[in-house]
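Below is one structure, written out as structure tokens; the observations come after it.
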Amino acid sequence: MILYHVGCAVADLDRSMRDVGSALGLDWSPVRERPVPGGRARVVYSLGGPTHVELLEGSPGTPWHVSGAPVHHHMGYWTDDLAAETARLLALGFRLEHDLGHVRYLCSDAAPRIELVSTAAAPELARLYGLTAPG
Numbered sequence: 008m009i010l011y012h013v014g015c016a017v018a019d020l021d022r023s024m025r026d027v028g029s030a031l032g033l034d035w036s037p038v039r040e041r042p043v044p045g046g047r048a049r050v051v052y053s054l055g056g057p058t059h060v061e062l063l064e065g066s067p068g069t070p071w072h073v074s075g076a077p078v079h080h081h082m083g084y085w086t087d088d089l090a091a092e093t094a095r096l097l098a099l100g101f102r103l104e105h106d107l108g109h110v111r112y113l114c115s116d117a118a119p120r121i122e123l124v125s126t127a128a129a130p131e132l133a134r135l136y137g138l139t140a141p142g
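Count along the sequence shown from 1, then add 7; that gives the number in the working numbering.
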């Protein structure tokens with residue numbers, strides 16, 4: 008697995024982009040709106056890398072909805088073998104929270120949420136957000 012982003016759920020994507028971008032000197036990919044479990048989310052990634060900041064503004068009822076201060080939501084990792092990494096984390100006591108096909112969220116009571124992303128999705132993420140594919 009290779010860490011490639013840290014995801015934060017935010018209430019106001021535009022303001023968060025401005026504030027985080029100014030504070031950290033980040034430029035942003037185009038904002039994309041996409042369907043997610045329970046509704047829709049607006050999503051953006053910082054450009055550059057190798058590790059990106061992902062900001063997500065989820066509609067009410069989604070796992071990415073917050074009404075107050077931004078929260079750390081997950082750490083995103085590339086994996087060449089989504090099934091094997093999922094099985095490994097499940098064996099360590101993580102629970103599968105969401106399976107979105109090429110993306111899986113796993114959580115634990117004692118660790119930050121982990122987002123596994125198949126490297127097979129890298130070309131599409133590069134096209135949408137300008138992210139660099141792993142290795």
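Every residue gets a Cβ at the ideal spot worked out from N, C-alpha and C, and that includes glycine.
Quick caveat, the model's predicted, so the values are computed rather than measured.
Cβ-based burial, residue i [other Cβ within 10 Å; buried from 16]
i: glutamate 40; result: exposed
CB of residue i within 8 Å of CB of residue j, strictly
i: tyrosine 84; j: methionine 8; result: yes
i: proline 77; j: serine 29; result: no
i: tryptophan 35; j: valine 51; result: yes
i: histidine 12; j: histidine 59; result: yes
i: threonine 139; j: glycine 56; result: yes
Contact belief for residue i with residue j at Cβ below 8 Å, rounded distance in angstroms
i: glycine 14; j: glutamate 61; result: 4 Å
i: threonine 126; j: threonine 86; result: 7 Å
Residue nearest to residue i in terms of C-alpha spacing, selected from the options
i: alanine 90; options: Arg134, Leu123, Arg102 and Gly32; result: Leu123
i: proline 119; options: Pro57, His105 and Met82; result: Met82
i: histidine 109; options: Asp19, Glu92 and Val38; result: Glu92
i: leucine 54; options: Gly32, His79 and Pro130; result: Gly32
DSSP-derived helix/strand/coil call for residue i
i: alanine 48; result: strand
i: methionine 24; result: helix
i: proline 42; result: strand
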